[in-house]
Amino acid sequence: MPNRQIIEISTNTILKILLFLLGIALLYLVRDVLLILLLSIVIASGIDPGVRKLQRLRFPRPLAVLVIYIGTIALFGLVFYLIVPPFMSEMRSFAQTFPSALEKTTAYFQAQLSIFTSSAPEYVSISADSLTSRLETFVNNNLVSFFSAGSAVGSSVFGGMVSFVFVVVLSFYFAVQENGIAHFLRIITPQEHEAYVIDLWTRSQHKIGKWLQGQMWLGLLVGILVYAGLTLLGVKYALILALLSAIFELIPIFGPILAAIPGVLFAFIQAPVLALWAALLYVIVQQMENHLIYPLVVRKAIGVPPLLVIIALLVGGKLAGFIGFVLAVPIAAAVLEYVNDIAKEKHIFEE
Numbered sequence: 037m038p039n040r041q042i043i044e045i046s047t048n049t050i051l052k053i054l055l056f057l058l059g060i061a062l063l064y065l066v067r068d069v070l071l072i073l074l075l076s077i078v079i080a081s082g083i084d085p086g087v088r089k090l091q092r093l094r095f096p097r098p099l100a101v102l103v104i105y106i107g108t109i110a111l112f113g114l115v116f117y118l119i120v121p122p123f124m125s126e127m128r129s130f131a132q133t134f135p136s137a138l139e140k141t142t143a144y145f146q147a148q149l150s151i152f153t154s155s156a157p158e159y160v161s162i163s164a165d166s167l168t169s170r171l172e173t174f175v176n177n178n179l180v181s182f183f184s185a186g187s188a189v190g191s192s193v194f195g196g197m198v199s200f201v202f203v204v205v206l207s208f209y210f211a212v213q214e215n216g217i218a219h220f221l222r223i224i225t226p227q228e229h230e231a232y233v234i235d236l237w238t239r240s241q242h243k244i245g246k247w248l249q250g251q252m253w254l255g256l257l258v259g260i261l262v263y264a265g266l267t268l269l270g271v272k273y274a275l276i277l278a279l280l281s282a283i284f285e286l287i288p289i290f291g292p293i294l295a296a297i298p299g300v301l302f303a304f305i306q307a308p309v310l311a312l313w314a315a316l317l318y319v320i321v322q323q324m325e326n327h328l329i330y331p332l333v334v335r336k337a338i339g340v341p342p343l344l345v346i347i348a349l350l351v352g353g354k355l356a357g358f359i360g361f362v363l364a365v366p367i368a369a370a371v372l373e374y375v376n377d378i379a380k381e382k383h384i385f386e387e
């Protein structure tokens, strides 16, 4: 008779597995709420250093938080006041000039294709008229799809505003309650792990705050550089394109690439040669960011390796879209703190 090995699984173990799976399923169902909560925590952590500075100036903590919130809202209001009128004016101008720009671009392609087909071998049968007509059809169809998608996005604006209000309220509450998140962690953490969890959160909160401040400075600097460069080149809609560059800086690595696409496209509509200069400008700004600004402002503050940043961005974008991109790096910084602790503990035991 062959030897038999019997593996016994206790009822307690089965219950723990079921509870774990149930918890994962519950988190998935409430992922939108979880994203709002995480974003609120990131914002509260980001303004915490400023709140503490005001507290050292004898400001009560609620008043310090209120001053920062009012100042931030006033700043955004001023920015919108300065940007929205030119934005609307430039969008009207773009809508008026787009048909002629499309016609000019199509004519350029048609001329290039005509030159190519005139010198092409006989067995290469390329119809310039056919290709350009297909190009026009493609652009027109995609414009219809784009504006249809825009109307669908517009229908969800109300939901986004509700989420925004929740984020503002929750982040304000977290910021006003000094060590409020730490108190919450004490409640839900077993006593034997309480000290470590609080220490881990304190270190993670510090990194998240540094990251948010760094990204804000990074966005400001890149926006100024892009605006100055596009203005010197004479590219239209420089203000809008610079604002897009500043916003997309919230997404490391991929953000600058996404911001460069409309800039090069708008420059190409003006003149194909101008698009080359615009592309060169974005490359120069990105190289300055990668090798000078980002290491000084962000990487030194959070210490997350570039490979981990890319993996975190891919996972965050897949799970939660744009907000996932934004939250990927601060969450990765917190996870890295925990992984480093495990590595240190393992090294101690090995010694």
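The working numbering numbers the first residue of the sequence shown as 37 and each following residue consecutively.
Ideal Cβ positions, reconstructed from N, Cα and C, are used throughout, including at glycine.
All values derive from a computational prediction rather than experimental measurement.
Report task. Could you have a look at Leu286 and say whether DSSP puts it in helix, strand or coil? Result -> Looking at Leu286 - three-state DSSP - the assignment turns out to be coil, as it is neither helix nor strand.
Query raised in the report: Is the Cβ-Cβ distance between Ala80 and Ala211 less than 8 Å?
Result: Yes; because the gap between Cβ atoms is below 8 Å, this pair is in contact.
Report task. Spatial neighbours of Gln91 within its chain, please: CB distance less than 8 Å, with the 5 preceding and 5 following residues excluded, ordered by chain position. Result -> So the list reads Arg97 and Ala100, once near-sequence residues are dropped.
Query raised in the report: Exposed or buried, Val203, counting other C-beta atoms within 10 Å across all chains shown (16 or more means buried)?
Result: It counts as buried.
Query raised in the report: When you compare each of Leu65, Val115 and Val233 to Val371 by their alpha carbons, which one comes out closest?
Result: For the residues Leu65, Val115 and Val233, the minimum Cα distance to Val371 belongs to Val233.
Query raised in the report: When the distance is taken between beta carbons, is Ser281 closer than 8 Å to Val309?
Result: It is not a contact, given that the beta carbons lie outside the stated cut-off.
Requested in this report: If I'm right that Glu285 touches Leu254 with Cβ under 8 Å, what's the distance once you round it to whole angstroms?
Outcome: Contact holds; Cβ gap of about 5 Å.
Query raised in the report: Which value, in whole angstroms, describes the spacing of the CA atoms of Val78 and Glu230?
Result: Put simply, the backbone Cα of Val78 is about 22 Å away from that of Glu230.
Requested in this report: Report yes if the CB atom of Leu317 is closer than 8 Å to the CB atom of Gly259, and no otherwise.
Outcome: Contact: no.
Query raised in the report: Among Gly339, Leu294 and Lys272, which residue has its Cα nearest to the Cα of Ala307?
Result: Ranked by Cα distance from Ala307, the first of Gly339, Leu294 and Lys272 is Lys272.
Query - Identity of the residue in Phe302, Thr133, Phe290 and Trp247 nearest Ala369 by Cα - result: Trp247 is the residue among Phe302, Thr133, Phe290 and Trp247 whose C-alpha sits nearest the C-alpha of Ala369.
Query raised in the report: Which value, in whole angstroms, describes the spacing of the CA atoms of Ile297 and Leu277?
Result: Each residue's alpha carbon lies about 10 Å from the other.
Query - Collapsed DSSP secondary structure at Ala100 in the structure displayed - result: Assignment of Ala100 by DSSP, reduced to helix, strand and coil, places it in the helix class.
Report task. Check whether the Cβ atoms of Ile305 and Leu349 sit closer than 8 Å, and answer yes or no. Result -> A distance of 8 Å or more separates the beta carbons of Ile305 and Leu349.
Requested in this report: Count the other C-beta atoms from every protein chain shown that fall within 10 angstroms of the C-beta of Leu75, then say buried if there are 16 or more, exposed otherwise.
Outcome: By the beta-carbon neighbour count (other beta carbons within 10 angstroms, threshold 16), Leu75 is buried.
Requested in this report: Could you tell me how far apart the beta carbons of Leu236 and Glu373 are, in whole angstroms, since I believe they sit closer than 8 Å?
Outcome: Correct: roughly 6 Å between the Cβ atoms.
Query raised in the report: Does the beta-carbon distance from Leu343 to Gly352 come in below 8 Å?
Result: Not a contact, by the Cβ cut-off of 8 Å.
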